[in-house]
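Its first residue numbered 1, the sequence shown is counted upward by one per residue in full-length UniProt numbering.
Written below as structure tokens is the structure these notes are about.
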Amino acid sequence: DLHMRFYLCHHNKTSLFSGIENGETLRVFGRGGADPEGGQPGDLFVTIKVREDPVFRREGADIHVDESISFTQAILGGSIQVPTLTGEVALKVRPGTQYGQKVVLKGK
1 DLHMRFYLCH HNKTSLFSGI ENGETLRVFG RGGADPEGGQ PGDLFVTIKV REDPVFRREG
61 ADIHVDESIS FTQAILGGSI QVPTLTGEVA LKVRPGTQYG QKVVLKGK
């Protein structure tokens, strides 16, 4: 006997919450395969694969971005434009900024 399985393509929309992690699995109730005996359809399990972004990287709930400044800006200070998820913001560079120093923009 030859057994063949046919798949139907359905488009399902579901909400994703902010902060979802790579590899997390979502369960969508009643949107899985049909029961061969005519019962209710099963559940659909969707495993999330988060693509890397060319600008931002995630570390837990935090978003990081690397930005270069000139030697003069590091010594004397200044202002630079920094990308955020909602657009660019001006960031004040303090005089004496050291290599690798981190600045936190809360809520951005």
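Quick reminder that beta carbons are idealized off the backbone N, C-alpha and C, glycines included.
The model shown is predicted, which means the values in this text are computed figures rather than measured ones.
Relative to the alpha-carbon of Thr-72, which residue among Arg-94, Val-55, Arg-58 has its alpha-carbon at the smallest distance?
Arg-94
Does DSSP put Ala-90 in a helix, in a strand, or in coil?
Of the three classes helix, strand and coil, the one that applies to Ala-90 here is strand, per DSSP.
Mind checking which residues open and close the alpha helix (DSSP H) that includes Gln-73?
71 to 76
State the CB to CB distance for the pair Ile-48 and Leu-76, rounded to an integer number of angstroms; the pair is presumed to be in contact (CB under 8 Å).
Wrong, their Cβ atoms sit about 45 Å apart, outside the cutoff.
Can you check whether the CB of Thr-86 is closer than 9 Å to the CB of Val-65?
no
Rounded to whole angstroms, what's the CA-CA distance from Gly-32 to Lys-92? Just pull it up for me.
52 Å
Using the C-alpha atoms, what's the distance from Val-28 back to Ile-63?
28 Å
Check each candidate in Gly-30, Pro-41, Val-46, Arg-58 and name the one with the smallest Cα separation from Ser-18.
Arg-58
What's the gap between the Cα of Gly-96 and the Cα of Ala-74?
6 Å
Please name the residue, chosen from Glu-21, Tyr-99, Leu-16, Pro-41, that lies closest to Ala-61 on a Cα-to-Cα basis.
Glu-21
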